[in-house]
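Undergrad: Sharing a structure with you now.
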Amino acid sequence: MQLSFSIYTAMGNRPDNQDSAQAGALGRSGLYAIVADGLGGHGGGRQASQIALQALLSCQGLGRLPEAREIVQWMALANREILAARLSPTQMKTTAVCLFLEKNRAIWAHIGDSRLYHFVDGVLKDYTLDHSVCQVAVMLGEITRREIPGHPDRNRLLKVLGDETATPEVHAPVTLSPGQHAFLLCSDGLWERLVEEEIQLDLHKSPTPDAWLDFLRRRAEKRKSTDVDNNTAIAVFLDL
11 MQLSFSIYTA
21 MGNRPDNQDS
31 AQAGALGRSG
41 LYAIVADGLG
51 GHGGGRQASQ
61 IALQALLSCQ
71 GLGRLPEARE
81 IVQWMALANR
91 EILAARLSPT
101 QMKTTAVCLF
111 LEKNRAIWAH
121 IGDSRLYHFV
131 DGVLKDYTLD
141 HSVCQVAVML
151 GEITRREIPG
161 HPDRNRLLKV
171 LGDETATPEV
181 HAPVTLSPGQ
191 HAFLLCSDGL
201 WERLVEEEIQ
211 LDLHKSPTPD
221 AWLDFLRRRA
231 EKRKSTDVDN
241 NTAIAVFLDL
């Protein structure tokens, strides 16, 4: 078994970076990866994403793959702390996506529109669905998933940490098959400038997680825009 990861974050053309991300060892043969995209002015978004990150880092004390209920508890803790810390109802909110691996087992969760993509042997196998107005429109057949980035409602989120009723979506634990697994966790500042076929194409060219993120970052930078959000990603390679 070989496990490796890489992280990058960039401000885009925003005055500050409200994204938070971290990855590291989980026990003796596992890994955690967390990306949070803060929402709110005056530093509130950065504080909210840091609160979410710190709550999910509770995994470090386990030394094993967390259970779904534990991930829900950590997200609930983050939500309570954000609600307690905010100065007004709109100043502190954050999305979050997290992945936990142990040997050939995986579990992930998300809230908001930070995404996780899972590739097996270079082919997209699974991905999270945004908690957003646009994703509902996709499910109703009104738009395609590919049309989300250019849609006027793309930033209207239905669930985030910092809302009274925030509840994350936890994917059922997965037993990973033998082969090459690649995971990408990212904020909307990255995925909204790419299509999934491009993410997969760049994976095929990448011998390492560092190379994959470099290809994706450079491709996204070629998409000229006057409004480039903070963009953050974690790439994970697992060979079983």
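Heads up, the sequence shown is in my numbering, so the first residue is 11 and it goes up one at a time. For glycine and all other residues, C-beta sits at the position ideal for the given N, C-alpha and C. Note that the coordinates shown come from a computational prediction; the quantities given were computed from them, not determined experimentally.
Going by other Cβ atoms of all chains shown within 10 Å of its Cβ, with 16 needed for buried, is L66 buried or exposed?
TA: Locating residue 66 in the sequence shown gives position 56, counting from the first residue. L66 should be labelled buried.
Undergrad: Taking only three categories from DSSP, how would you classify E179?
TA: As a working mapping, residue 179 is identified with position 169 in the sequence shown. Three-state result, E179: strand.
Undergrad: Flag this pair as yes or no: are the beta carbons of G22 and K103 separated by less than 8 Å?
TA: Residue 22 sits at position 12 when you count from the first residue of the sequence shown. Residue 103 sits at position 93 when you count from the first residue of the sequence shown. Result no, Cβ atoms of G22 and K103 do not sit closer than 8 Å.
Undergrad: Which partner residues of T19 appear in the DSSP bridge assignment?
TA: Indexing the sequence shown from 1 puts residue 19 at position 9. For T19, which the question treats as bridged, DSSP gives the partners T242.
Undergrad: Within this structure, are the beta carbons of L167 and D123 separated by less than 8 Å?
TA: The residue labelled residue 167 in the question sits at position 157 within the sequence shown. The residue labelled residue 123 in the question sits at position 113 within the sequence shown. For L167 and D123, yes; Cβs fall inside 8 Å.
Undergrad: Are R229 and E208 closer than 8 Å when you measure CB to CB?
TA: In the sequence shown, residue 229 corresponds to position 219, counting from 1. In the sequence shown, residue 208 corresponds to position 198, counting from 1. Yes, the pair counts as a contact, with Cβ atoms nearer than the cut-off.
Undergrad: Let me make sure I understand the geometry here. Which of S16, C69, Y18, G189 has the alpha-carbon closest to that of L36?
TA: Taking the sequence shown and counting its residues from 1, the one referred to as residue 36 is at position 26. Cα-wise, what sits closest to L36 is C69.
Undergrad: Straight-line CA distance for D47 to G199?
TA: Counted from its first residue, the sequence shown places residue 47 at position 37. Counted from its first residue, the sequence shown places residue 199 at position 189. Near 9 Å, if we compare the C-alpha coordinates of G199 and D47.
Undergrad: Please state whether the Cβ-Cβ distance between I44 and C108 is less than 8 Å.
TA: Here the question's residue 44 lines up with position 34 in the sequence shown. Here the question's residue 108 lines up with position 98 in the sequence shown. Their beta carbons are under 8 Å apart, which means I44 touches C108 by this criterion.
Undergrad: Quick one: what's got a C-beta closer than 6 Å to F247's C-beta in the same chain, skipping five residues either side?
TA: Walking along the sequence shown from the start, residue 247 turns up at place 237. Excluding residues within five positions, the ones whose Cβ falls inside 6 Å are S14, A192, P219.
Undergrad: For the beta strand (DSSP E) containing G40, list its first residue and its last residue.
TA: Along the sequence shown, one-based indexing puts residue 40 at 30. Residues 40-49.
Undergrad: Identify whether V133 lies in helix, strand or coil by the three-state DSSP scheme.
TA: Position 123 of the sequence shown, counting from 1, holds the residue named residue 133. Strand, per DSSP.
Undergrad: Look up F110 in the DSSP assignment and give the residues it is bridged to.
TA: By one-based count along the sequence shown, residue 110 stands at place 100. DSSP lists Y42, I117 as partners of F110.
Undergrad: With which residues is S14 paired in a DSSP beta bridge?
TA: Counting from one through the sequence shown, the residue named residue 14 turns up at place 4. S14 is bridged to F247.
Undergrad: Using a Cβ-based criterion (distance less than 7 Å to any ligand heavy atom), does D136 qualify as near the ligand SAH?
TA: The ligand SAH is not part of this structure, which contains no ligands at all.
Undergrad: Would Q12 and D249 be called neighbours here (beta carbons separated by less than 8 Å)?
TA: In the sequence shown, residue 12 corresponds to position 2, counting from 1. In the sequence shown, residue 249 corresponds to position 239, counting from 1. Closer than 8 Å, so yes.
Undergrad: Closest to Q57 by CA distance: which of N89, F129, L213, R38 is it?
TA: By 1-based counting over the sequence shown, the position of residue 57 is 47. Of N89, F129, L213, R38, the residue nearest in Cα terms is N89.
Undergrad: With a cut-off of 8 Å on the beta carbons, I'd call A94 and I244 a contact; round off their distance for me.
TA: Along the sequence shown, read from residue 1 onward, the residue named residue 94 stands at position 84. Along the sequence shown, read from residue 1 onward, the residue named residue 244 stands at position 234. With a Cβ gap of about 28 Å, A94 and I244 do not count as contacting.
Undergrad: On the DSSP letters alone, give me the boundaries of the alpha helix (DSSP H) that H214 sits inside.
TA: The residue you call residue 214 lines up with position 204 of the sequence shown. Segment 206-214, the alpha helix (DSSP H) holding H214.
Undergrad: Under the DSSP definition of a beta bridge, which residues are partnered with C69?
TA: For the purposes of this step, residue 69 is taken as residue 59 along the sequence shown, with counting starting at 1. Note: C69 sits in no beta bridge, so no partner.
Undergrad: Looking at T19: is its Cβ nearer than 8 Å to the Cβ of T242?
TA: Against the sequence shown, residue 19 aligns to sequence position 9. Against the sequence shown, residue 242 aligns to sequence position 232. Yes.
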